[in-house]
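Visitor: The structure under discussion is supplied below as structure tokens; questions concerning it will follow.
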Amino acid sequence: MTDYALLERQLAALLDTRDWLTNAAQTCAFLMQEVGELNWAGFYLHRRPQTLVLGPFQGKPACNPIPFDKGVCGAAARRLATQRVDDVHAVADHIACDAASRSELVVPIIVDDRLWGVLDLDSPRPARFSAADQAGLERLVDTFVAASDLTRAD
């Protein structure tokens with residue numbers, strides 16, 4: 006079981022600047038290093054209407070852009086709620102950037118009552134993310150938000 010309290014403290018110490026771009030890159034690298042069984046970790050940013058665009062990430066090249074009406078990332082952006090999917094192949098409008106991905110967790114990032122972007126995590130293991138993982142990763146997103154100047158995504 007992942008010790009998310011420890012990861013929160015480590016991530017907070019790692020994010021030693023207010024620069025969102027640096028912090029996003031560091032967060033992705035940290036998650037890939039510290040959270041087991043991931044094959045992709047990254048941010049999609051809400052820079053255009055009803056669309057997410059690729060931000061910092063770790064993993065294989067990714068799909069870009071993602072409309073709000075497609076895929077798990079789009080659902081998180083549209084609903085402003087975390088999406089935890091045990092089998093992405095069972096999602097009718099799943100966007101398959103990497104065919105090896107089997108499960109996904111997407112956490113929306115809301116700043117000043119507006120969507121800033123999402124954190125997207127993919128795993129090659131079906132049902133990789135538990136409710137405890139979801140709660141822990143949502144707290145890590147809170148740590149990223151608290152450490153970063155997210156007033157602008159450009």
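Take 6 as the starting number for the sequence shown in the working numbering and just add one per residue. Glycine included, every Cβ here is placed at the ideal spot set by N, Cα and C.
Give the C-beta separation of Val146 and Leu124 to the nearest angstrom, bearing in mind that I take them to be a contact with Cβ-Cβ under 8 angstroms.
Guide: For the purposes of this step, residue 146 is taken as the residue at position 141 of the sequence shown. For the purposes of this step, residue 124 is taken as the residue at position 119 of the sequence shown. About 5 angstroms separates the two Cβ atoms, so the contact holds.
Visitor: If you measure between the beta carbons of Val58 and Glu109, is that distance less than 8 angstroms?
Guide: One-based indexing of the sequence shown puts residue 58 at position 53. One-based indexing of the sequence shown puts residue 109 at position 104. Cβ distance not < 8 angstroms, so Val58 and Glu109 don't count as in contact.
Visitor: Out of Ser106, Ala67, His94 and Ile115, which one is the CA nearest neighbour of Ala81?
Guide: To locate residue 81, count along the sequence shown from 1; it is residue 76. The residue with the shortest Cα to Cα distance from Ala81 is Ile115.
Visitor: For Ala104, which three-state DSSP category applies?
Guide: As a working mapping, residue 104 is identified with position 99 in the sequence shown. DSSP places Ala104 in coil when its eight states are reduced to three.
Visitor: Is it the case that the stretch 20 to 30 contacts the stretch 147 to 154, given that we only count it when at least three CB pairs across the two stretches are under 8 angstroms?
Guide: In short, these stretches touch, since the Cβ pair count reaches three.
Visitor: Between Leu126 and Leu16, is the Cβ-Cβ spacing less than 8 angstroms?
Guide: The residue labelled residue 126 in the question sits at position 121 within the sequence shown. The residue labelled residue 16 in the question sits at position 11 within the sequence shown. Against a cut-off of 8 angstroms, the Cβ pair of Leu16 and Leu126 comes out as no contact.
Visitor: Among all the DSSP beta bridges, which residues are the ones paired with Thr22?
Guide: Within the sequence shown, residue 22 is the residue found at index 17, counting from 1. DSSP, once it has assigned bridges, lists no residue as partnering Thr22.
Visitor: If I'm right that Gly122 touches Gly60 with Cβ under 8 angstroms, what's the distance once you round it to whole angstroms?
Guide: Counting from one through the sequence shown, the residue named residue 122 turns up at place 117. Counting from one through the sequence shown, the residue named residue 60 turns up at place 55. Going by Cβ atoms, the distance from Gly122 to Gly60 rounds to 6 angstroms, so yes, they are a contact pair.
Visitor: Pro131 and Asp91: beta carbons closer than 8 angstroms?
Guide: For the purposes of this step, residue 131 is identified with residue 126 of the sequence shown, where counting begins at 1. For the purposes of this step, residue 91 is identified with residue 86 of the sequence shown, where counting begins at 1. Yes, Cβ-Cβ distance for Pro131 and Asp91 is below 8 angstroms.
Visitor: Beta carbon of Val40, beta carbon of Thr87: below 8 angstroms?
Guide: If you number the sequence shown from 1, residue 40 lands on position 35. If you number the sequence shown from 1, residue 87 lands on position 82. Going by C-beta atoms, Val40 is not nearer than 8 angstroms to Thr87.
Visitor: Rounded to whole angstroms, what's the CA-CA distance from Asp117 to Gly79? Just pull it up for me.
Guide: Taking the sequence shown and counting its residues from 1, the one referred to as residue 117 is at position 112. Taking the sequence shown and counting its residues from 1, the one referred to as residue 79 is at position 74. Near 20 angstroms, if we compare the C-alpha coordinates of Gly79 and Asp117.
Visitor: Would you tell me roughly how many angstroms separate the C-alpha atoms of Lys65 and Ile71, rounded to the nearest one?
Guide: Residue numbering aside, residue 65 sits at position 60 when the sequence shown is read from its first letter. Residue numbering aside, residue 71 sits at position 66 when the sequence shown is read from its first letter. Computed Cα separation, rounded: 16 angstroms.
Visitor: Do the CB positions of Ala46 and Gln31 come within less than 8 angstroms of each other?
Guide: Taking the sequence shown and counting its residues from 1, the one referred to as residue 46 is at position 41. Taking the sequence shown and counting its residues from 1, the one referred to as residue 31 is at position 26. No, the Cβ-Cβ distance between Ala46 and Gln31 is not below 8 angstroms.
Visitor: Output the distance between the C-alpha atoms of Leu85 and Ala136, rounded to the nearest integer angstrom.
Guide: Start at 1 with the first residue of the sequence shown, and residue 85 comes out as number 80. Start at 1 with the first residue of the sequence shown, and residue 136 comes out as number 131. About 17 angstroms.
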